[in-house]
Amino acid sequence: MRRAAAFACTRPLHRLEADKGQVQQVDLDPYPMDHLALDAIELVALHQAFQDGLTREEAMQLLASHIGRYAAERGSAEHLDVAQRILVELIAAHELLIPDVDDDGRLRQVVRTLRLLTEHQSPTGRIYLRAGTEAVNVLIDRLDVDASSSAHAAELQMQFLIRHGRMAEAQDVAHAMRLLSVHYMESTRRYLSAARRNLDEVDWQGDVERHLAEAHSHLRARIEAECAIDGELQAALDSGATTDRPAVMGALQLIKRTSSTHAELLEQLAGVFEVFRSEQDRQRFTNRVILARLADLRHDVLNGFMALTVQDASKLEPHPAQMILGAVVLPQVTVAGIVERTLASLDRPEPSDDPVEPIEYDEEEPDDSLRSELVGWLDPDVVDGRMLSEVLVEARQELDDDRLHRLAAIGMEAFGAEHLAVLGGAGEDADHASVPERFLIGMPSGDPLRVPGVPWIGGDDLRLVAATVANDDDRPAGSEER
Amino acid sequence: MSDLHDVRSAAQLVAFGLARMQAGDSHDYRELITRYVRDIDFQALTETVAEGLALRVVACTERAGMVLAAVGAVTDDDPTGPLGGHRSPFLPLSRDLQRIKIPTRARERQLWTLALLAVAYCAFPRPEDRDDDSRLGQVEPAAVEQVLRALCSELDKQVKRSVDPPHEEPQLERLWRAYLTTAETGTTGDERALMSSAVALITRVCDSLTEIKCLRPMRRSDPLVYQTTPKFQVQVREMASASYWGELSVACERLTLTEVDV
Chain A
14 MRRAAAFACT RPLHRLEADK GQVQQVDLDP YPMDHLALDA IELVALHQAF
64 QDGLTREEAM QLLASHIGRY AAERGSAEHL DVAQRILVEL IAAHELLIPD
114 VDDDGRLRQV VRTLRLLTEH QSPTGRIYLR AGTEAVNVLI DRLDVDASSS
164 AHAAELQMQF LIRHGRMAEA QDVAHAMRLL SVHYMESTRR YLSAARRNLD
214 EVDWQGDVER HLAEAHSHLR ARIEAECAID GELQAALDSG ATTDRPAVMG
264 ALQLIKRTSS THAELLEQLA GVFEVFRSEQ DRQRFTNRVI LARLADLRHD
314 VLNGFMALTV QDASKLEPHP AQMILGAVVL PQVTVAGIVE RTLASLDRPE
364 PSDDPVEPIE YDEEEPDDSL RSELVGWLDP DVVDGRMLSE VLVEARQELD
414 DDRLHRLAAI GMEAFGAEHL AVLGGAGEDA DHASVPERFL IGMPSGDPLR
464 VPGVPWIGGD DLRLVAATVA NDDDRPAGSE ER
Chain B
13 MSDLHDVRSA AQLVAFGLAR MQAGDSHDYR ELITRYVRDI DFQALTETVA
63 EGLALRVVAC TERAGMVLAA VGAVTDDDPT GPLGGHRSPF LPLSRDLQRI
113 KIPTRARERQ LWTLALLAVA YCAFPRPEDR DDDSRLGQVE PAAVEQVLRA
163 LCSELDKQVK RSVDPPHEEP QLERLWRAYL TTAETGTTGD ERALMSSAVA
213 LITRVCDSLT EIKCLRPMRR SDPLVYQTTP KFQVQVREMA SASYWGELSV
263 ACERLTLTEV DV
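Listed in order, the protein sequences are those of chains A and B. Quick note: the first sequence uses this note's numbering, first residue 14, plus one each step. Quick note: the second sequence uses this note's numbering, first residue 13, plus one each step.
Next comes the structure, spelled out in structure tokens:
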């Protein structure tokens, strides 16, 4: 069953290869898509550092130059296109059906979501790629084998390969060693961030010391080996004994990059005890009054909640979210509010005779993620002063009919948005929550709303004006603008 | 028997609490809180007024102000209660939750709650942080994401039972699995931030908490860091006092113990 699951992880690669005939725009025949996908995963894994890695753009460029070796005559634009196809496929979530046994011992199929490459944000805000666990497993077998012995074996193997001039294989082994260092860095990073939160959650005597000792001995062996290999390579170059100079140069380069990874790991390891001491000062010597009846936020609350099924979590009573949100005051509809609202509508220009077509969507269960995604099209600062029809025409290039329909509905909400703000200003504090600081007001322009090729959007076109809520009592600035 | 002036003051204190004001915002509010803390009769009177409104005083301190919970939200509906078994008017309705951008679908809403609990944990990682009144926690959405993802994958590794739902019953999906299938962060085709990503989800949770004055964004922080308010701390303690957590934690452990032979 584990083999079946592991095998399933390679399915996205096979699919890339199998489906290449169906791609109309590019002739993918010269490119072995499955091999290239493996290369892409390796490329990303080799460049992933402590909290950084290749961006999608960088990975695309590097992969494209690699792809170029298969069909140099096709031109770099096509190589980039192929690289993008591969990366998109690897980043996408794949739903796989995996055989499984339920509690009663019956066999069944379950759905697993797999991403071979994942996107992460670095502390500097760069969005970079990391190879997922499954990707690393597909690529270089399991990493959590006994680290010290496998490193030793690999080193012997590498020295043997170099002595016999088999540079390409030696490079492969060096790659694997570097990935192992990356693996150590990852676990050190996890220990450090856990220690910053709560020292009690980290087993310093057992886990961390063992981890540090392993990482240190791995490093010591690696650095010695690298020096030796570096010396042998230099000697090979100087004596002119090798026939394959580019391969030797490549190996030298690789050793240099590996050294920098190791230097980073060394620096990180040196910082571990520093972090430990300062966190000990900070965490230990603050007063400790523990109310025993309260649940522990990590073990009881977070773990307990995340282990629930969606169904059971919905049934919790009282629901934890409600308890954190506390008592909520409903907005009260008052006569004064209605009068003000009615008066406000008198100031507005008469809409044209063309009736606004009611656009309906499921009010009960609007898909919030879809809405949040679509709202990006109507960023007040970006669309300020434009017509709703212009925004829709632009959006039509990228959105399908359903989404466009929904976007039109969201755009229509801007019509009458100032009433919302007026209600808030009339003293109903709870309503403030719904009025963002920056919002859009739609003013009927008098022209009908037309989007070429989309006959089912109609009504008045709106001019969108961005407005800002100045303070609690003011009406929004910009509500007088046309 | 209190006189009418006292009743008015007690009701006013409850109103201040409902208005989500800060103790620093109003001189009257501060005075009433001081009176509540010092005068045991006034305390009892205020609690009675709150009770009559189907509310419960969670805490009333100078730092946190008056923190109230709707009674329906903390105990089972009691047919002999002030509303005779009806919902408390202060219980958030689905529409109000939507107003502060809480999703309506069951799966999204529970993921939202998971993110909310993770925010609470990252703001107060140690029990003594949560119980120390002078502690102001800090929350950075990207860091919360990493912590939550690490905890979810840790549990995922430990769980030995098969928990994947058959594909015709998605509501049996476990929350940590659901969370792990959400992309951490990402960009859409045109380089805008992916709204369905986990970091975006946690940022939305922080925004909702900001709207109800449980968090406040710190000025000049980039990326944006939020600071907790004393009120949030009180509400987190309230949440942690629910009776079911012990049971859930045991249920979670059971998942990691039982092994099904394959």
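Each residue gets a CB set at the ideal place from its N, CA and C atoms; glycine is no exception. Values in this document were obtained by computation on a predicted structure and should not be read as measured data.
**OP:** For the segment 210-297 of chain A, list the alpha helix (DSSP H) runs that are entirely contained and at least 4 residues long, ordered along the chain.
**Re:** The segment 210-297 of chain A is shown to contain whole alpha helix (DSSP H) runs of 4 or more residues at 222-252 and 258-297, in chain order.
Original post:
Relative to the C-alpha of B/Glu196, which residue among A/Ala144, A/Ala480 and A/Leu212 is closest?
Top reply: Reading the second sequence from its first residue, position 184 is the one you call residue 196 of chain B. When C-alpha distances from B/Glu196 are compared across A/Ala144, A/Ala480 and A/Leu212, the shortest belongs to A/Ala144.
Original post:
Which of helix, strand or coil does DSSP assign to B/Cys226?
Top reply: Position 214 of the second sequence, counting from 1, holds the residue named residue 226 of chain B. DSSP places B/Cys226 in coil when its eight states are reduced to three.
Subject >> Residues from the segment 25-50 of chain B in contact with chain A, defined by Cβ distance under 7 Å >> reply: Here the close residues are Leu30 and Ala31.
Original post:
When Cβ atoms are compared, which residues of the segment 319-333 of chain A fall closer than 8 Å to chain B?
Top reply: Cβ contacts with chain B come from Met319, Ala320, Leu321, Thr322, Val323, Gln324, Ala326, Ser327, Leu329, Glu330, Pro331, His332 and Pro333.
Original post:
Relative to the C-alpha of B/Phe54, which residue among B/Phe28, B/Asp15 and B/Gln34 is closest?
Top reply: Working through the second sequence from its first residue, we reach residue 54 of chain B at position 42. Taking only the C-alpha atoms, the option nearest B/Phe54 is B/Asp15.
Subject >> Contact set between the segment 245-263 of chain B and chain A, restricted to residues whose Cβ is under 7 Å from the partner >> reply: Taking 7 Å as the Cβ-Cβ cut-off against chain A, the residues of the segment 245-263 of chain B that qualify are Gln247, Val248, Arg249, Glu250, Met251, Ala252, Ser253, Ala254, Tyr256, Trp257, Gly258, Leu260, Ser261 and Ala263.
**OP:** With 9 Å as the threshold, decide whether the Cβ of B/Val159 is near any Cβ in chain A.
**Re:** What you label residue 159 of chain B is simply residue 147 of the second sequence in a count that begins at 1. B/Val159 counts as touching chain A.
Original post:
For A/Ser458, does the three-state DSSP call read helix, strand or coil?
Top reply: Locating residue 458 of chain A in the first sequence gives position 445, counting from the first residue. In this structure, DSSP gives A/Ser458 an extended state, which the three-state scheme calls strand.
Original post:
A/Asp473 lies in the alpha helix (DSSP H); which residues open and close that run?
Top reply: For this step, residue 473 of chain A is matched to residue 460 along the first sequence. No alpha helix (DSSP H) holds A/Asp473; the beta strand (DSSP E) holding it covers Asp473 to Thr481.
Original post:
Are any of the Cβ atoms in chain B nearer than 9 Å to that of A/Val404?
Top reply: As a first step, residue 404 of chain A is located in the first sequence; it is residue number 391 there, counting from the start. A/Val404 does not count as touching chain B.
Original post:
Using a C-beta cutoff of 9 Å, does A/Leu110 count as contacting chain B?
Top reply: In the first sequence, the residue the question calls residue 110 of chain A occupies position 97. Chain B contact via Cβ: present.
Original post:
Opposite B/Thr240 in the DSSP bridges: which residues?
Top reply: On the second sequence, residue 240 of chain B is found 228 positions in, with the first residue counted as 1. Listed as beta-bridge partners of B/Thr240 by DSSP are B/Leu227.
**OP:** Let me know the secondary structure DSSP gives B/Tyr41 once reduced to three states.
**Re:** For the purposes of this step, residue 41 of chain B is taken as residue 29 along the second sequence, with counting starting at 1. Helix.
Original post:
Thinking C-alpha only, which one of B/Val262, B/Leu267, B/Arg266 and B/Tyr256 is nearest A/Lys328?
Top reply: Working through the first sequence from its first residue, we reach residue 328 of chain A at position 315. Out of B/Val262, B/Leu267, B/Arg266 and B/Tyr256, B/Tyr256 has the C-alpha closest to the C-alpha of A/Lys328.
Original post:
Who pairs with A/His133 in a beta bridge, going by DSSP?
Top reply: Translated into the one-based positions of the first sequence, residue 133 of chain A becomes position 120. By DSSP's assignment, A/His133 forms a beta bridge with A/Tyr141.
Original post:
Which whole-angstrom value is the C-beta distance of A/Val314 and B/Leu129, which I expect to be below 8 Å?
Top reply: Working through the first sequence from its first residue, we reach residue 314 of chain A at position 301. Working through the second sequence from its first residue, we reach residue 129 of chain B at position 117. Yes, they are in contact, since the Cβ atoms of A/Val314 and B/Leu129 sit about 6 Å apart, within 8 Å.
Original post:
Leaving out five residues before and five after B/Leu267 in sequence, what residues of the same chain have Cβ atoms less than 6 Å from its Cβ?
Top reply: Position 255 of the second sequence holds residue 267 of chain B. Cβ within range, chain order: Val171 and Arg173.
Original post:
B/Asp279 bridges to which residues according to DSSP?
Top reply: With chain B covering 13 to 274 only, the question about residue 279 of chain B has no answer from this structure.
**OP:** Using alpha carbons as the reference points, say which of A/Asp394, A/Leu338 and A/Ala480 lies closest to B/Thr291.
**Re:** Here chain B comprises residues numbered 13 to 274, so residue 291 of chain B is not present and cannot be evaluated.
**OP:** Please work out which residues of its chain come closer than 6 Å, Cβ to Cβ, to A/Val95, disregarding the five sequence neighbours upstream and downstream, and give them in chain order.
**Re:** Reading the first sequence from its first residue, position 82 is the one you call residue 95 of chain A. The residues are Tyr44 and Ile80.
**OP:** List the DSSP bridge partners of A/Arg125.
**Re:** On the first sequence, residue 125 of chain A is found 112 positions in, with the first residue counted as 1. When DSSP reads this structure, A/Arg125 sits in a beta bridge with A/Leu109.
Original post:
Which residue from A/Ala58, A/Ile242 and A/Ser78 puts its Cα closest to that of A/Met262?
Top reply: Position 249 of the first sequence, counting from 1, holds the residue named residue 262 of chain A. Relative to A/Met262, the option among A/Ala58, A/Ile242 and A/Ser78 whose CA is nearest is A/Ile242.
**OP:** Taking only beta-carbon positions, decide if A/His312 is within less than 9 Å of chain B.
**Re:** In the first sequence, counting from the first residue as 1, residue 312 of chain A sits at position 299. Chain B contact via Cβ: present.
**OP:** Give me the Cα-Cα distance between A/Pro457 and A/Val478, rounded to the nearest whole angstrom.
**Re:** In the first sequence, counting from the first residue as 1, residue 457 of chain A sits at position 444. In the first sequence, counting from the first residue as 1, residue 478 of chain A sits at position 465. Between A/Pro457 and A/Val478, the C-alpha separation is close to 11 Å.
Subject >> Host alpha helix (DSSP H) of B/Val26 (start-end) >> reply: Mapped onto the second sequence, residue 26 of chain B falls at position 14. Note, B/Val26: alpha helix (DSSP H), Leu16 to Leu30.
**OP:** Using three-state DSSP, classify A/Phe452 as helix, strand or coil.
**Re:** Here residue 452 of chain A refers to the residue found at position 439 when the first sequence is read from its first residue. Here A/Phe452 carries a strand assignment [DSSP, helix/strand/coil].
Original post:
Closer than 9 Å, CB to CB, is A/Arg416 near chain B or not?
Top reply: What you label residue 416 of chain A is simply residue 403 of the first sequence in a count that begins at 1. Not closer than 9 Å to any Cβ of chain B, the Cβ of A/Arg416 fails to qualify, so no.
Subject >> Run of the alpha helix (DSSP H) containing B/Arg173, from where it starts to where it stops >> reply: As a working note, residue 173 of chain B is residue 161 in the second sequence. It is not in any alpha helix (DSSP H) - B/Arg173 carries neither H nor E in the DSSP assignment.
Subject >> A/Gln122 versus B/Met78, B/Glu181 and B/Ala62, residue with shortest Cα-Cα distance >> reply: Taking the first sequence and counting its residues from 1, the one referred to as residue 122 of chain A is at position 109. Closest option to A/Gln122, Cα to Cα, is B/Glu181.
**OP:** Can you have a look at A/Phe20 and say buried or exposed, based on whether 16 or more other CB atoms are within 10 angstroms of its CB?
**Re:** As a first step, residue 20 of chain A is located in the first sequence; it is residue number 7 there, counting from the start. With fewer than 16 other Cβ atoms within 10 Å, it is exposed.
Original post:
What is the DSSP secondary structure of B/Thr277, reduced to helix, strand or coil?
Top reply: For residue 277 of chain B there is no data in the structure shown, the boundaries of chain B being 13 and 274.
Subject >> Best match in A/Ser206, A/Arg203 and A/Asp213 for proximity to B/Pro139 [C-alpha to C-alpha] >> reply: Residue 139 of chain B sits at position 127 when you count from the first residue of the second sequence. Measuring from the Cα of B/Pro139, the nearest candidate turns out to be A/Asp213.
Subject >> Extent of the continuous alpha helix (DSSP H) run through B/Thr12 >> reply: Absent from the model: residue 12 of chain B. The displayed extent of chain B is 13 to 274, so no value can be given.
Original post:
Quick one: which chain B residues come within Cβ less than 8 Å of A/Pro98?
Top reply: Start at 1 with the first residue of the first sequence, and residue 98 of chain A comes out as number 85. In the sequence on display, residue 98 of chain A carries Arg and not Pro. The premise fails here: A/Arg98 is roughly 13 Å from chain B at the closest Cβ pair, so nothing lies under 8 Å.
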